[in-house]
Amino acid sequence: MKTRRPLLILALLALGAVVPIFPARALPSIFQSPLQFTGSQWQVESLIGPIYLARQEGETWRQVSVFDGTNGKYHLNWAHPAKGVYVAMDSQGTCSTAVRIGEETARLSRSAGFKHVCTLPECFLQR
Numbered sequence: 004m005k006t007r008r009p010l011l012i013l014a015l016l017a018l019g020a021v022v023p024i025f026p027a028r029a030l031p032s033i034f035q036s037p038l039q040f041t042g043s044q045w046q047v048e049s050l051i052g053p054i055y056l057a058r059q060e061g062e063t064w065r066q067v068s069v070f071d072g073t074n075g076k077y078h079l080n081w082a083h084p085a086k087g088v089y090v091a092m093d094s095q096g097t098c099s100t101a102v103r104i105g106e107e108t109a110r111l112s113r114s115a116g117f118k119h120v121c122t123l124p125e126c127f128l129q130r
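Residue 4 is where the sequence shown starts when you use my numbering, and the numbers rise one by one after that.
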């Protein structure tokens with residue numbers, strides 16, 4: 004019975020379901036850290052799960068993946084994100100802080116020798 008919900012969620016993600024909701028304000032009691040992108044991994048800390056990575060598409064948020072994690076620490080290996088605005092979101096629509104991936108950052112994420120440090124509001128590159 005408990006395995007049906009994660010399977011349904013994965014099926015919806017595989018089909019690219021668009022979530023027609025707006026995320027609520029970030030609640031410090033839910034998200035214990037800002038969403039971060041390190042160049043090869045997204046990271047966030049949250050008291051609840053499951054946690055989804057969502058990208059803004061016009062007026063809606065599209066869930067693009069599901070975070071893995073235990074004990075409140077969630078991670079997602081993804082080295083080449085597309086440009087856009089991303090948030091970590093719980094199943095109620097509560098969101099973390101946003102991370103903006105620019106066109107140049109997305110292009111350079113494919114280059115070796117760079118580390119991306121992303122927090123609000125923009126990403127920047129470090130050697």
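Backbone N, C-alpha and C fix where the C-beta goes; we use that ideal spot for every residue, glycine too.
DSSP has Gln44 in a bridge; who is on the other side?
Asn80
Can you check whether the C-beta of Gly87 is within less than 8 Å of a C-beta belonging to chain C?
Absence of chain C from the displayed structure is noted, only one protein chain being present.
Going by C-alpha distance, which of Met92, His83, Thr97 and Cys98 is nearest Ile104?
In terms of Cα proximity to Ile104, the closest of Met92, His83, Thr97 and Cys98 is His83.
Run the CB neighbour count on Ser94, radius 10 Å, all protein chains shown included, and call it buried at 16 or more, exposed below.
Residue burial is scored here from C-beta neighbours: Ser94 has fewer than 16 other C-beta atoms within 10 angstroms and is therefore classed as exposed.
Are Tyr77 and Ile51 close, meaning C-beta to C-beta below 8 Å?
Not closer than 8 Å, so no.
Taking the alpha carbon of Gln59 as the reference point, which residue from Gly96, Val90, Ser99 and Ser36 has its own alpha carbon closest?
It is Val90.
Could you compute how far the alpha carbon of Phe40 sits from the alpha carbon of Cys98?
16 Å
Report the rounded CA-to-CA distance for Leu38 versus Ala57, giving the unit in angstroms.
11 Å
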